[in-house]
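K.L.:
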Amino acid sequence: MSGKPRLHYFNGRGRMETIRWLLAAAGVEFEESYLEKKEDLTKLQKDGSLLFQQVPMVEIDGMKLVQTRAIANYISTKHNLYGKDMKERALIDMYMEGMFDLNELLMTYVIQPADKKQEHFANMMDKAENRYFPVFEKVLKDHGKDFLVGNQLSRADVQLLEVILMAEEYKPDILAKFPLLQSFKGRISNIPTIKKFLQPGSQRKPRITEEDIARAMKIFRS
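Counting along the sequence shown from 1, when you hit position 213 you're at 213 in UniProt numbering, and nothing is skipped either side.
(1) Does the ligand NAP have even one heavy atom less than 7 Å from the beta-carbon of TYR109?
(2) Out of curiosity, what's the CA-to-CA distance linking VAL55 and ALA70?
(3) Please report the Cβ distance between LEU44 and MET63, rounded to the nearest whole angstrom; I am assuming they are in contact, meaning their Cβ atoms lie under 8 Å.
(4) Which first and last residues belong to the alpha helix (DSSP H) in which ARG155 is found?
(5) Considering just the uninterrupted stretch of the alpha helix (DSSP H) at LEU65, what are its terminal residues?
(6) What separation, rounded to the nearest whole angstrom, lies between the Cα atoms of LYS145 and ASP157?
(7) So, at 6 Å on beta carbons, what are the nonlocal neighbours of ARG13 in its own chain, with the 5 sequence-adjacent residues on each side left out?
(8) Could you check where the alpha helix (DSSP H) with MET57 kicks off and where it finishes?
(9) Under 8 Å between the Cβ atoms of residue 224 and ILE92?
(10) Within its chain, find whatever has a CB closer than 7 Å to the CB of GLY27; leave out the 5 residues flanking it on each side and keep chain order.
(11) Who are TYR74's beta bridge partners in DSSP?
(12) Checking the sheet assignment: what are the DSSP bridge partners for HIS8?
(13) So for ILE111, helix, strand or coil by DSSP?
(14) Below 8 Å, can you find three or more Cβ-Cβ pairs linking the region 111 to 128 to the region 183 to 192?
(15) Is it the case that the region 162 to 171 contacts the region 102 to 110, given that we only count it when at least three CB pairs across the two stretches are under 8 Å?
(16) How should PHE52 be labelled, buried or exposed, when 16 other C-beta atoms within 10 angstroms of its C-beta is the threshold for buried?
(17) First and last residue of the alpha helix (DSSP H) that includes THR209?
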C-alpha cells in the first residue's frame, strides 16, 4: 500500500466529497478506488474492511476508517484544521453540525421523487437563505477575522466553502444578501491548495446527476 490515503467510494460526490475537500485543503495527495458494481462493495464487506458494512472508507496511516465524521475528525486533527484548543474545537464542531444539516438537504435533492422535488428545493433554499447563511454571515461579522474560528484555516472554513458552492449550483445569486460570505468565498477559494482543487481536472467531483444515482443504487441496494 502506498503512503497516500486511499478512498473507497463510488465515482461521485456523496458522503466522500467532504473528505476529498479536507485532504485537498491540507495539501495531501490521495488515491481513489471506485466501487463500480455490487461485487466491489461485497468484497470489502467480506474481507473485514468495513466495520459497519458501509462506505465511505479511507485507508490512512495503517487504518481502515469508516463513518464520515470520524474520518473528517482524524484528517482535521492530523493536519491542524481543528482549532488550537478545546474552545475553538467546540465552535468548529457546532458550525460543522449546521453545515452538515444544510449539506444533507443539498445532497439529497437529486434523489427526491419527482412529485417532491419542488417542495424539497423550496425548503433547502429557504433554509440556506434564512437559517444557515445568516448565521455564518453573523459569525464572520462578530469574529472580525478572515476565518470562522481563530485566525487560521479550519475544517469549518473548508466545509462552508463546499456548501456555498453547492448552493450556488442551484441558485447562483444565493449570496446576494451576504457580503461577508461573498468575501469569504473569494478569500478561501484563493488559498493555493483549495484553488488547485477548484481547477478543472482535479479530484473534485461534479454535481451529481440522476444517472449517477442510478449507478450508485446498483452498487448499494441490498
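Just so it is clear, CB atoms sit at the ideal spot from N, CA and C, and this is done for glycine as well.
P.N.:
Per the coordinate set shown:
(1) Because no ligand of any kind appears in the structure shown, any question about the ligand NAP cannot be addressed here.
(2) 12 Å
(3) About 15 Å separates the two Cβ atoms, so there is no contact after all.
(4) 155 to 170
(5) No alpha helix (DSSP H) holds LEU65; the beta strand (DSSP E) holding it covers 63 to 66.
(6) 12 Å
(7) Apart from sequence neighbours up to five positions away, the residues of its chain that approach ARG13 with a beta-carbon distance below 6 Å are LYS205 and ILE208, ordered along the chain.
(8) Premise fails: MET57 lies in the beta strand (DSSP E), 57 to 60, not in any alpha helix (DSSP H).
(9) Because residue 224 is not part of the residues shown, which for the chain are 1 to 222, the question remains open.
(10) THR193
(11) Note: TYR74 sits in no beta bridge, so no partner.
(12) As a beta-bridge residue in DSSP terms, HIS8 pairs with SER33 and MET57.
(13) Here ILE111 sits in helix by DSSP.
(14) no
(15) Here the region 102 to 110 lies against the region 162 to 171, with 3 or more beta-carbon pairs under 8 Å apart.
(16) So PHE52 counts as exposed.
(17) THR209 -> no alpha helix (DSSP H), and no H or E assigned at all.
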